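Here is the structure we will look at, set down as structure tokens.
There are 2 protein chains.
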Amino acid sequence: MNLRGTPPSSTRILDANAWRPGQDAESELIARRVRVLGPSYRLFYRQPLEIVRGHGTRLWDAEGREYLDVYNNVASVGHTHPHVVEAIARQAAVLTTHTRYLDRGIVAYAERLLALLPDPIDRAVFTCSGSEANDLAVRVARAATGQRGVIVTEEAYHGNTALVTGMSPSLGVGVGPEVVTVPAPDPMAAPHRSFAAGVRAGIERLAAQGLRPAALLLDSILSSDGVHPALDLAEAVAAVRAAGGVVIADEVQPGFGRTGSAMWGFARHDVVPEIVTLGKPMGNGMPIAAVLAQAAVLEPFSAGEPYFNTFGGTQVSIAAADAVLDVLEREGLQAHAAAVGRELRALLDELAVVHRSIADVRGDGLFIGLQLREDDGSPGTALAADVINLLRQRGVLTSVCGAHGDTLKLRPPLPFSRADAARLADELDGVLGDLEA
Amino acid sequence: MNLRGTPPSSTRILDANAWRPGQDAESELIARRVRVLGPSYRLFYRQPLEIVRGHGTRLWDAEGREYLDVYNNVASVGHTHPHVVEAIARQAAVLTTHTRYLDRGIVAYAERLLALLPDPIDRAVFTCSGSEANDLAVRVARAATGQRGVIVTEEAYHGNTALVTGMSPSLGVGVGPEVVTVPAPDPMAAPHRSFAAGVRAGIERLAAQGLRPAALLLDSILSSDGVHPALDLAEAVAAVRAAGGVVIADEVQPGFGRTGSAMWGFARHDVVPEIVTLGKPMGNGMPIAAVLAQAAVLEPFSAGEPYFNTFGGTQVSIAAADAVLDVLEREGLQAHAAAVGRELRALLDELAVVHRSIADVRGDGLFIGLQLREDDGSPGTALAADVINLLRQRGVLTSVCGAHGDTLKLRPPLPFSRADAARLADELDGVLGDLEA
Numbered sequence: 007m008n009l010r011g012t013p014p015s016s017t018r019i020l021d022a023n024a025w026r027p028g029q030d031a032e033s034e035l036i037a038r039r040v041r042v043l044g045p046s047y048r049l050f051y052r053q054p055l056e057i058v059r060g061h062g063t064r065l066w067d068a069e070g071r072e073y074l075d076v077y078n079n080v081a082s083v084g085h086t087h088p089h090v091v092e093a094i095a096r097q098a099a100v101l102t103t104h105t106r107y108l109d110r111g112i113v114a115y116a117e118r119l120l121a122l123l124p125d126p127i128d129r130a131v132f133t134c135s136g137s138e139a140n141d142l143a144v145r146v147a148r149a150a151t152g153q154r155g156v157i158v159t160e161e162a163y164h165g166n167t168a169l170v171t172g173m174s175p176s177l178g179v180g181v182g183p184e185v186v187t188v189p190a191p192d193p194m195a196a197p198h199r200s201f202a203a204g205v206r207a208g209i210e211r212l213a214a215q216g217l218r219p220a221a222l223l224l225d226s227i228l229s230s231d232g233v234h235p236a237l238d239l240a241e242a243v244a245a246v247r248a249a250g251g252v253v254i255a256d257e258v259q260p261g262f263g264r265t266g267s268a269m270w271g272f273a274r275h276d277v278v279p280e281i282v283t284l285g286k287p288m289g290n291g292m293p294i295a296a297v298l299a300q301a302a303v304l305e306p307f308s309a310g311e312p313y314f315n316t317f318g319g320t321q322v323s324i325a326a327a328d329a330v331l332d333v334l335e336r337e338g339l340q341a342h343a344a345a346v347g348r349e350l351r352a353l354l355d356e357l358a359v360v361h362r363s364i365a366d367v368r369g370d371g372l373f374i375g376l377q378l379r380e381d382d383g384s385p386g387t388a389l390a391a392d393v394i395n396l397l398r399q400r401g402v403l404t405s406v407c408g409a410h411g412d413t414l415k416l417r418p419p420l421p422f423s424r425a426d427a428a429r430l431a432d433e434l435d436g437v438l439g440d441l442e443a
Numbered sequence: 007m008n009l010r011g012t013p014p015s016s017t018r019i020l021d022a023n024a025w026r027p028g029q030d031a032e033s034e035l036i037a038r039r040v041r042v043l044g045p046s047y048r049l050f051y052r053q054p055l056e057i058v059r060g061h062g063t064r065l066w067d068a069e070g071r072e073y074l075d076v077y078n079n080v081a082s083v084g085h086t087h088p089h090v091v092e093a094i095a096r097q098a099a100v101l102t103t104h105t106r107y108l109d110r111g112i113v114a115y116a117e118r119l120l121a122l123l124p125d126p127i128d129r130a131v132f133t134c135s136g137s138e139a140n141d142l143a144v145r146v147a148r149a150a151t152g153q154r155g156v157i158v159t160e161e162a163y164h165g166n167t168a169l170v171t172g173m174s175p176s177l178g179v180g181v182g183p184e185v186v187t188v189p190a191p192d193p194m195a196a197p198h199r200s201f202a203a204g205v206r207a208g209i210e211r212l213a214a215q216g217l218r219p220a221a222l223l224l225d226s227i228l229s230s231d232g233v234h235p236a237l238d239l240a241e242a243v244a245a246v247r248a249a250g251g252v253v254i255a256d257e258v259q260p261g262f263g264r265t266g267s268a269m270w271g272f273a274r275h276d277v278v279p280e281i282v283t284l285g286k287p288m289g290n291g292m293p294i295a296a297v298l299a300q301a302a303v304l305e306p307f308s309a310g311e312p313y314f315n316t317f318g319g320t321q322v323s324i325a326a327a328d329a330v331l332d333v334l335e336r337e338g339l340q341a342h343a344a345a346v347g348r349e350l351r352a353l354l355d356e357l358a359v360v361h362r363s364i365a366d367v368r369g370d371g372l373f374i375g376l377q378l379r380e381d382d383g384s385p386g387t388a389l390a391a392d393v394i395n396l397l398r399q400r401g402v403l404t405s406v407c408g409a410h411g412d413t414l415k416l417r418p419p420l421p422f423s424r425a426d427a428a429r430l431a432d433e434l435d436g437v438l439g440d441l442e443a
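See the structure below:
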């Protein structure tokens with residue numbers, strides 16, 4: 007892949023919410039950090055936060071100030087959940103090695119995890135990150151189909167390896183070879199747009215390059231495209247399959263019960279993908295991710311080349327991931343996400359009645375996009391940046407997404423309570439009131 | 007990269023030591039494992055081991071049998087080292103999040119780590135795996151040089167992403183585009199071969215394709231090529247630099263004091279690479295890795311595209327990595343590796359006098375290659391496979407490497423004691439005696 011020479015066209019997904027050297031809020035720690043970390047590192051907020059402790063839906067900074075976390079989906083069952091912490095500590099003291107020795111833990115976890123997936127999906131491959139999972143999944147899809155093209159959405163983010171960077175146009179550097187983009191829904195500018203029609207057009211654009219699709223690689227809640235729960239996905243999938251391709255459901259964002267209505271994002275659309283990739287929330291902070299598929303789908307790749315991942319599915323990571331499933335079940339977090347998410351959306355819908363800058367509220371469970379607009383109806387890009395920084399001043403942490411960075415990404419740890427939802431709505435009410443005044 | 011259609015030409019690095027379905031030693035656990043893990047998964051040994059506990063240089067199986075570990079370099083400061091375990095448990099209970107908040111731990115660790123590197127190298131980027139580190143390093147080198155070619159050794163292994171799989175010919179599926187291979191030393195067939203001459207020829211082969219080298223990507227102990235401590239590397243590096251390329255020192259194998267004579271493999275050759283990648287031993291089992299370079303080397307890549315790694319340098323991983331440096335220092339493990347490695351080599355040299363099947367003993371510190379030959383002088387491939395399986399029966403765990411799989415890879419956790427070395431030599435003496443009888 008050659009991305010050189012393509013200047014960054016946007017600063018969307020990674021930079022919209024970033025402190026940059028030269029901005030205010032310099033500190034001795036920031037200065038030290040800039041001197042030793044690579045120039046790609048960014049910090050959130052105009053006044054960066056030094057977070058020193060977390061618990062449940064709360065984070066604390068170095069001065070002891072408490073923040074409500076409405077952003078972090080990695081700590082999905084809550085920051086430092088004692089059951090997960092205990093599992094990590096217990097396993098770290100016993101054994102951490104690789105998967106070329108037999109281990110009951112990884113087998114039992116794979117069985118438990120696969121039981122949560124639709125029937126055809128019967129094998130797991132563990133990696134360290136969602137990036138590694140998607141990098142592998144694309145190769146599996148290409149080997150399985152004998153085709154090369156990959157279809158992603160215009161603001162997709164699927165990871166940081168060379169291969170999947172080229173499938174992450176939200177990074178602002180275009181896409182790699184053999185990749186085409188299709189538009190996400192746009193409730194403001196194109197409320198009747200069909201996603202499936204875009205995918206069919208993408209298949210035609212691939213054909214014009216002499217390519218057929220290996221895969222539609224899709225986060226079915228379209229997180230970086232601005233959170234779009236409604237999608238004519240079944241029709242899009244049918245078009246991809248008719249052209250000989252498969253579906254890779256990137257569940258790094260919607261997976262593990264976050265959307266409330268289903269354990270997995272694809273299940274919200276009654277679609278059974280050939281390949282599923284998992285990541286961020288899987289180990290509540292431990293670096294574990296996975297590719298799940300039918301054995302027959304994995305076979306052509308496995309027959310063609312060896313694959314081994316040293317830290318993938320190491321015992322400590324598996325112990326954490328298993329404990330995450332315990333907590334999800336015991337605390338009923340999927341049903342909780344559905345119930346609290348519904349209440350939160352009702353509160354936000356009420357705010358939309360009184361605040362003209364709220365253009366749209368959408369989502370499912372505890373994954374909500376709140377889109378903002380300027381008074382002239384244009385995307386509320388600057389407004390959204392102000393809102394997240396003012397919310398941060400008020401002790402509420404979130405970020406933005408979408409093509410214009412105009413959509414608040416409300417994506418808290420799943421134990422988010424009704425009181426947390428009310429606090430978020432109150433603070434947002436206050437911030438929008440100040441900004442609209 | 008299109009590796010499809012190229013049949014596996016070897017089963018070297020991943021398969022030489024692998025149990026395969028259909029072999030004996032079936033068990034209920036193996037059957038369950040085969041039913042849920044992807045078909046790429048392999049198991050070590052003709053009789054796979056179920057390892058349930060580790061401590062120091064010892065592993066224990068499900069029946070309570072103890073094994074001397076002469077293979078695992080991930081648990082570099084010893085399995086379940088209490089100082090590392092305690093650091094993981096303590097930090098997991100406090101906070102695990104990402105690097106877009108300020109954090110004193112990652113800054114202090116980066117400062118401490120960079121102080122162990124030669125002066126020009128002044129920035130760190132943390133990833134989850136050596137694969138991710140090498141994948142990033144190659145892109146950094148290409149952006150910094152404006153050149154595309156990559157030179158690797160004929161049996162190199164640099165990771166499992168799409169990009170670096172194409173730079174890992176030991177996988178047996180050839181190399182990707184813009185990659186050329188150069189031969190490692192061959193003490194048996196070509197004892198006077200110059201590595202630098204091979205690199206110069208590689209630069210010429212790139213030129214014939216219209217390419218100039220971005221990087222020589224090199225594990226300077228040449229682990230998967232069979233462990234070759236002696237190399238005219240400075241001369242090779244001069245040739246790469248004269249052609250406008252840089253050196254990426256892949257320290258996943260030799261780094262963190264293993265070779266005894268230096269903290270880093272490149273330092274054994276008085277070479278200062280532009281880019282250093284770290285992996286396996288860095289966190290003693292926690293998934294942490296890094297790319298280290300001068301800011302000016304990282305800058306062109308960082309200016310061209312955003313890079314963020316969610317789990318890279320997460321607090322628990324940093325806590326483990328910092329504890330690893332504590333242990334390396336407090337226990338003087340580099341000096342220990344040098345001293346015990348010297349004694350072990352002396353013991354193995356003694357064995358070479360009495361066992362005609364030992365062709366060569368070479369290495370540095372606690373990274374030793376013991377090359378075997380058949381009676382007719384041909385590579386001891388089948389012999390090496392027998393040796394590691396018989397050693398396993400005697401409670402000693404190791405594996406093989408090299409183009410012919412004829413070299414025992416002796417690479418224990420660093421606290422390997424003089425008694426451990428004597429036990430290894432004794433068991434090897436016994437196994438070779440049985441096989442030569």
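Chains D and A supply the protein sequences, listed in that same order.
With our numbering, you'll find the first sequence wraps up at 443, consecutive numbering, no jumps.
With our numbering, you'll find the second sequence wraps up at 443, consecutive numbering, no jumps.
Even for Gly, the Cβ is constructed at its ideal location relative to N, Cα and C.
Quick caveat: nothing in here was measured; it's all calculated off a predicted structure.
For the pair Pro-235 of chain A and Pro-193 of chain A, the Cα-to-Cα distance works out to about 11 Å. Within the segment 225–289 of chain A, the complete beta strand (DSSP E) runs of at least 3 residues fall at 252–256 and 281–284. At a cut-off of 7 Å between beta-carbon atoms, Ser-308 of chain D makes contact with chain A.
Per DSSP, Asp-109 of chain D lies in no alpha helix (DSSP H) segment and is marked neither H nor E.
In the three-state reduction of the DSSP assignment, Phe-314 of chain A falls in the coil class, being assigned neither a helical nor a strand state.
Looking only at A:Arg-336, A:Val-76, A:Phe-50 and A:Tyr-47, the smallest Cα-Cα distance to Phe-373 of chain A is reached by A:Val-76. Per the DSSP secondary-structure output, Asp-370 of chain D pairs in a beta bridge with D:Phe-373. A contact is defined here as three or more CB-CB pairs under 8 Å, and the segment 200–212 of chain D fails this definition with respect to the segment 346–364 of chain A.
In the DSSP assignment, Asp-440 of chain A falls outside any beta strand (DSSP E) and within the unbroken alpha helix (DSSP H) covering 424–442. By the Cβ-count criterion, Arg-106 of chain D is buried, with 16 or more other Cβ atoms from all chains shown falling within 10 Å of its own Cβ. The shortest C-alpha to C-alpha distance from Gly-84 of chain D to any of D:Val-100, D:Gly-208 and D:Asp-426 is the one to D:Asp-426. Of all residues in the segment 279–293 of chain A, the ones placed with a Cβ closer than 7 Å to any Cβ belonging to chain D are Lys-286, Gly-291 and Pro-293, in chain order. Under the 10 Å beta carbon count, Arg-336 of chain D is surrounded by fewer than 16 other beta carbons and is classified as exposed. Scanning the segment 140–192 of chain A from its first residue to its last, the whole alpha helix (DSSP H) runs of 4-plus residues come out as 168–171. Taking one beta carbon from each stretch, the segment 62–74 of chain A and the segment 310–320 of chain A have fewer than 3 pairs nearer than 8 Å; the two do not touch.
Proximity of the segment 239–259 of chain D to the segment 113–129 of chain D falls short of the contact definition, fewer than three beta-carbon pairs being nearer than 8 Å. Taking 7 Å as the cut-off, the Cβ atoms of Asn-290 of chain A and Ala-81 of chain A count as close.
Only those residues of the segment 31–44 of chain A whose C-beta falls short of 9 Å from the nearest C-beta of chain D are listed: Ser-33, Leu-35, Ile-36, Arg-38, Arg-39, Arg-41, Val-42, Leu-43 and Gly-44. In the DSSP annotation of this structure, Glu-72 of chain D is not part of any alpha helix (DSSP H); the continuous beta strand (DSSP E) holding it starts and ends at 72–75. Within the model, the alpha-carbon separation for Leu-123 of chain D versus Ile-294 of chain D is close to 18 Å. In this structure, DSSP gives Ala-345 of chain D a helical state, which the three-state scheme calls helix. Taking a Cβ-Cβ cut-off of 9 Å, Pro-418 of chain D has no neighbours in chain A, whose nearest Cβ is about 13 Å from it.
Taking C-alpha positions only, Ser-200 of chain A is separated from Asp-238 of chain A by approximately 7 Å.
When rounded, the separation of the alpha-carbon atoms in Val-131 of chain A and Leu-222 of chain A is 20 Å. Taking the beta carbon of Phe-262 of chain A as reference, no residue of chain D falls within 7 Å; the closest one sits roughly 15 Å away. His-85 of chain D reaches chain A at Leu-101, Thr-102 and Thr-103, counting residues in chain order whose Cβ is nearer than 9 Å. In the three-state DSSP reduction, Asp-355 of chain D falls in the helix class (H, G or I). The alpha-carbon separation between Gly-165 of chain D and Val-181 of chain A amounts to approximately 23 Å. Per DSSP, reduced to three states, the secondary structure at Asp-125 of chain D is coil, with no helix or strand assignment. Rounded to whole angstroms, the gap between the alpha carbons of Gly-263 of chain A and Gln-340 of chain A is 5 Å. Taking a 10 Å sphere around the C-beta of Asp-382 of chain A, we find fewer than 16 other C-beta atoms and assign the residue as exposed.
The three-state reading of DSSP puts Pro-306 of chain D in helix, counting H, G and I together. Looking at the backbone, the Cα of Ala-344 of chain A and that of Thr-265 of chain A are separated by about 7 Å.
Selection A:Asp-231, A:Glu-161 and A:Leu-43 evaluated against Leu-119 of chain D yields A:Leu-43 as nearest (Cα-Cα). At a cut-off of 7 Å, the C-beta of Pro-54 of chain D has a neighbouring C-beta in chain A.
Look at the segment 304–329 of chain D: the residues with a C-beta under 9 Å from a C-beta of chain A are Leu-304, Glu-305, Pro-306, Phe-307, Ser-308, Ala-309, Gly-310, Glu-311, Pro-312, Tyr-313, Phe-314, Asn-315, Thr-316, Phe-317, Gly-318, Gly-319, Thr-320, Gln-321, Val-322, Ser-323 and Ala-326.
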